[in-house]
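To convert, take the position in the sequence shown, counting from 1, and add 3; that gives the numbering used here.
Here a beta-carbon is modelled for each residue, glycine too, at the ideal position from N, C-alpha and C.
Since we're looking at a predicted model, the values are computed, not measured.
Encoded as structure tokens, the structure appears first; notes follow it.
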Amino acid sequence: MKEPSKDTKLKEFLTLSLQKCLHFVEAQSGSIFLVDKKKQELVLEVFQNTRGVDLEGLRQKLGEGVSGMVATNKQPLLVKDANTFPRTSTGTFHDYKSKSFLSVPFEYRGDLLGVLNVTDRTKGDSFSSDDLTTVLHVCHYLGIAIYSLKRYLHSQRAANERLRQEIKVLQNDLAGARKFSSLGKMVGGLVHELNNPLDGTIRYINLALECSKDDEVVSDYLLEAKQGVTRMANFVRSLLDFSWGMSSTSSFIEVNRTVDECLFSLGNYIKANQVKIKRDFAAYLPKIADYRLKVVVSNLIKNACDAMNKEGGVLTVVTSLENDCIKIVFSDTGCGMDSDLQKKIFEPFFTTKNMGEGSGLGLAISYEVVERYNGDISVESSLNRGTTFTVTLPIEREDVYPRETLDSR
Ligand SMILES: Nc1ncnc2c1ncn2[C@@H]1O[C@H](COP(=O)(O)OP(=O)(O)OP(=O)(O)O)[C@@H](O)[C@H]1O
Ligand SMILES: [Mg+2]
């Protein structure tokens with residue numbers, strides 16, 4: 004079974020080289036073999052003959068036949084009269100009934116690449132030593148060119164492979180994003196169904212508590228029920244942040260101030276977890292749209308505190324302006340995460356926290372909010388050493404000049 008050539012470019016180049024060489028030495032037939040190192044064979048890549056002999060895909064063991072011997076010896080061969088040349092039964096030469104022929108190996112820096120054969124001189128006479136010199140020149144450049152071309156094709160294959168890998172990563176990201184967005188839509192509907200009955204239930208529990216002040220047991224039961232329902236209501240509120248139905252707001256916020264407000268409102272939580280805060284804020288940051296950045300910042304601060312809750316630690320928050328993007332970096336000295344855990348943390352409902360302590364929605368919601376900014380949220384972490392979350396928010400023109408300012412210009 005003949006194999007189709009994989010590298011059309013290489014084949015085109017070889018065909019052209021053979022044609023030129025035949026033209027230079029006034030010959031009608033010729034062939035170029037390339038070395039297949041693994042199989043220790045020569046493979047016929049291109050050929051031209053006058054007798055219509057089909058030689059495509061022909062293979063020749065190194066050391067066997069005329070071309071095989073020339074390749075192994077790395078010595079050119081000029082035969083002026085084939086009748087005086089001891090022919091070999093395993094060679095290809097016996098197929099040519101040529102009087103005279105040339106067989107020349109080509110290499111690059113001592114590395115054998117192939118053999119070029121020339122037969123059937125147009126005038127019917129023998130090839131001369133001048134012809135041999137010409138073919139030797141051609142083979143010299145053929146060696147350099149094939150080596151370079153192979154290297155180029157190899158690097159292109161490597162680049163294509165890299166591209167394939169990148170596409171695969173993007174497809175995975177896309178699949179993840181789709182998962183989040185469809186979940187967002189579903190959750191949006193669910194939240195509307197749950198919100199009102201939950202509010203009503205809490206109101207009725209409060210009324211029942213008023214009426215049962217004198218009965219300690221009933222009051223205890225009702226307080227227990229209220230606690231559970233309140234937890235459910237908080238959970239539903241978190242889901243609300245995740246839902247698509249949320250209307251976008253037209254107001255603008257200052258990032259530094261937002262971070263400070265979150266640190267302030269989580270003050271007790273930070274203290275309870277013995278976390279020390281270090282702030283390093285950019286002196287100037289443009290205002291950005293309010294797509295609930297607060298939800299992201301609060302969750303990242305809370306997660307950092309949770310990660311340090313055993314022995315306390317330091318949470319460093321840095322804001323900066325880089326390449327038309329606002330960067331907010333949260334670095335903690337907490338428990339950190341191994342690479343398996345890092346792959347899952349943005350999935351909705353993924354949590355390692357105890358029942359009632361975490362719903363596993365914080366980062367899924369944060370991801371969604373950052374998406375609204377066309378931004379990026381990334382994580383770097385090492386187990387038992389700490390974690391850094393980086394939020395990157397590109398600045399739109401409207402962020403630098405809030406809409407009110409643009410309208411009045
Ligand atoms: N700074 C951090 N250090 C170590 N682990 C973290 C950190 N931030 C997040 N994680 C891990 O990622 C998981 C998912 O975080 P995420 O904020 O989405 O949910 P949660 O904090 O568990 O619950 P919720 O935010 O809904 O209250 C956490 O349970 C925790 O295992
Ligand atoms: Mg969280």
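1. Where residue 284 and residue 266 are concerned, what is the direct C-alpha to C-alpha distance, given to the nearest angstrom?
2. DSSP puts residue 397 in a beta bridge; with which residues?
3. Does at least one heavy atom of ligand 2 sit under 7 Å from the Cβ of residue 276?
4. Check whether the Cβ of residue 361 sits closer than 7 Å to any heavy atom of ligand 2, and report yes or no.
5. Would you say residue 340 touches ligand 1, meaning its beta carbon is less than 7 Å from a heavy atom?
6. From the beta carbon of residue 82, is the nearest beta carbon of chain D less than 8 Å away?
7. Look up residue 218 in the DSSP assignment and say whether it is helix, strand or coil.
8. Is it the case that the Cβ atoms of residue 391 and residue 349 are separated by a distance below 8 Å?
9. May I ask you to report which of helix, strand or coil DSSP gives residue 355?
10. Please report how far the alpha carbon of residue 160 lies from the alpha carbon of residue 45, in whole angstroms.
11. Taking C-alpha atoms, which residue in 60, 102, 37 lies nearest to residue 109?
12. Could you name the residues that DSSP lists as bridge partners for residue 333?
13. Ligand 1 heavy atoms versus the CB of residue 233: any closer than 7 Å?
14. Starting from the C-beta of residue 321, find all residues in its chain whose C-beta is less than 7 Å away, skip the five residues before and the five after it, and write them out in chain order.
15. Hey, quick one: how far does the alpha helix (DSSP H) through residue 22 stretch, first residue to last?
16. Please report the distance separating the alpha-carbon of residue 77 from that of residue 125.
17. What span of residues does the alpha helix (DSSP H) with residue 131 cover, start to end?
18. On a Cα-Cα basis, can you pick out the residue from 368, 292, 203 that is closest to residue 376?
19. Can you give me the start and stop residues for the beta strand (DSSP E) that residue 36 sits inside?
20. Can you find the residues in the same chain that come closer than 6 Å, C-beta to C-beta, to residue 353, ignoring five residues on each side of it along the sequence?
21. Measuring only from the beta carbon, is residue 305 closer than 7 Å to any heavy atom that is part of ligand 2?
22. Determine which residues share a DSSP beta bridge with residue 376 and list them.
So, from the listed chains and residues:
1. 13 Å
2. 328
3. no
4. yes
5. yes
6. Included in the structure is just one protein chain, with no chain D present.
7. coil
8. no
9. coil
10. 23 Å
11. 37
12. 320, 392
13. no
14. 283, 332
15. 11-27
16. 27 Å
17. No alpha helix (DSSP H) holds residue 131; DSSP gives it neither H nor E.
18. 292
19. 30-39
20. 347, 363
21. yes
22. DSSP output for residue 376 lists no bridge partner at all.
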